[in-house]
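A.B. asks: Before we start, here is the structure in question, set down as C-alpha cells.
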Amino acid sequence: MSFRSPRPLAASDDVSQFDCGEQSLNNWLYLRAIKNQATGASRTFVSIESETDRIAGYYCLSASSLRQEDAPSKVTRNMPDPVPVILLGRLAVDQAFKGRGLGASLLQDALLKGVEASRILGARAFLVDALDSDAERFYEKFGFTLMPPASKRAMYLLVKDAEATITDLR
3 MSFRSPRPLA ASDDVSQFDC GEQSLNNWLY LRAIKNQATG ASRTFVSIES
53 ETDRIAGYYC LSASSLRQED APSKVTRNMP DPVPVILLGR LAVDQAFKGR
103 GLGASLLQDA LLKGVEASRI LGARAFLVDA LDSDAERFYE KFGFTLMPPA
153 SKRAMYLLVK DAEATITDLR
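In C-alpha cells:
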C-alpha cells in the first residue's frame, strides 16, 4: 500500500468514500472543500492511495491573521497587528489508512507549502485548532505549542521552527 504525494483536490475526485471517523471533518470535505477552493477561501490537498485511487487523507491551508492580544509574545514580537499567519484548517486520514504515517506526511507537506508561501507573502506562524487531546498530542510531536488559554486547543508553530521540523522529518 502506497500513497501518492499530496495534490490539489479536484472537482472530479470522489470524496464520498472518505471516512476519518470524525463527522465534522468528513462533512467539510464532502460539502465545503471544493466550494472554498472556488471562492479562494482555502486550498485542499489530498493524498490518494495508489491501488484503490481512494482519498487516503487531506489537509487544507488558508491565509489568516491573529490579533496581537490573542497571541503569545513569541508570535507578536516585531509584528503588525493583526499578525499574518497560515491556518492549517483541517488535516484528516481515512480510518482505513491510519497508523501508516500518512498524517505526519500530510503535515510535512502542509508545512513545506506554508513555508514556501511565507517566503512570497510573509507569515509569522502556522495556526491550528486541535480537535481533541489526541490531535493536540499529534501536533505537539511536531513542535506546535498551545496558545493561552489552553482550554481552546489553539496551537501555533513559528514559520522558522517549521523549517526545522521539515528538515527533521526528511
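3 is the number of the first residue of the sequence shown in our numbering; add one for each residue after it.
Glycine is no exception: its CB is placed at the ideal position from the N, C-alpha and C atoms.
Keep in mind the model is a prediction, meaning the values are calculated, not measured.
1) Taking V87 as part of the beta strand (DSSP E), name the residues at either end of that continuous run.
2) Less than 8 Å between the CB atoms is what I'm expecting for L113 and I168, so what's the real figure, rounded?
3) Can you tell me whether M149 is buried or exposed? The criterion is at least 16 other CB atoms within 10 Å of its CB, across all chains shown.
4) Can you give me the Cβ contacts of R139 inside the same chain, cut-off strictly under 7 Å, excluding the 5 residues immediately before and after it?
5) Hey, quick one: how far does the beta strand (DSSP E) through I130 stretch, first residue to last?
6) Could you tell me the alpha carbon to alpha carbon distance between P8 and S49, rounded to whole angstroms?
7) Specify the secondary structure class of S107 as computed by DSSP and reduced to three states.
8) If contact is defined by three or more beta carbon pairs under 8 Å, each pair taking one atom from either stretch, is the stretch 34 to 47 in contact with the stretch 74 to 84?
9) Are the beta-carbon atoms of P86 and S67 separated by less than 7 Å?
10) According to the neighbour-count rule (16 or more other Cβ atoms, all chains shown, within 10 Å of its Cβ), is D136 buried or exposed?
11) Name the DSSP bridge partner or partners of A156?
12) For R56, write down the residues that DSSP places opposite it in a beta bridge.
C.D. replies: So, from the data block:
1) In the sequence shown, the residue the question calls residue 87 occupies position 85. From DSSP, the beta strand (DSSP E) with V87 extends over 85 to 95.
2) The residue given as residue 113 occupies position 111 in the sequence shown. The residue given as residue 168 occupies position 166 in the sequence shown. Indeed they touch by this definition, with Cβ atoms about 5 Å apart.
3) As a first step, residue 149 is located in the sequence shown; it is residue number 147 there, counting from the start. Its Cβ being crowded by 16 or more others within 10 Å, M149 is buried.
4) Residue numbering aside, residue 139 sits at position 137 when the sequence shown is read from its first letter. Non-local C-beta neighbours of R139 in its own chain, meaning closer than 7 Å and more than five positions away in sequence, are absent.
5) By one-based count along the sequence shown, residue 130 stands at place 128. The sequence as given places Val at residue 130; Ile does not occur at that position. Start and end: 127 to 131.
6) For the purposes of this step, residue 8 is taken as the residue at position 6 of the sequence shown. For the purposes of this step, residue 49 is taken as the residue at position 47 of the sequence shown. Spanning the two alpha carbons is a distance of roughly 4 Å.
7) Position 105 of the sequence shown, counted from the start, is the residue given in the question as residue 107. DSSP places S107 in helix when its eight states are reduced to three.
8) Touching, no, given that fewer than three Cβ pairs across the two stretches are closer than 8 Å.
9) On the sequence shown, residue 86 is found 84 positions in, with the first residue counted as 1. On the sequence shown, residue 67 is found 65 positions in, with the first residue counted as 1. One thing to note: P86 has its Cβ within 7 Å of the Cβ of S67.
10) Within the sequence shown, numbered from 1, the residue matching residue 136 stands at position 134. Exposed.
11) Here residue 156 corresponds to residue number 154 of the sequence shown, with the count starting at 1. In the DSSP output, where bridge partners are listed per residue, A156 has D131.
12) On the sequence shown, residue 56 is found 54 positions in, with the first residue counted as 1. Note: R56 sits in no beta bridge, so no partner.
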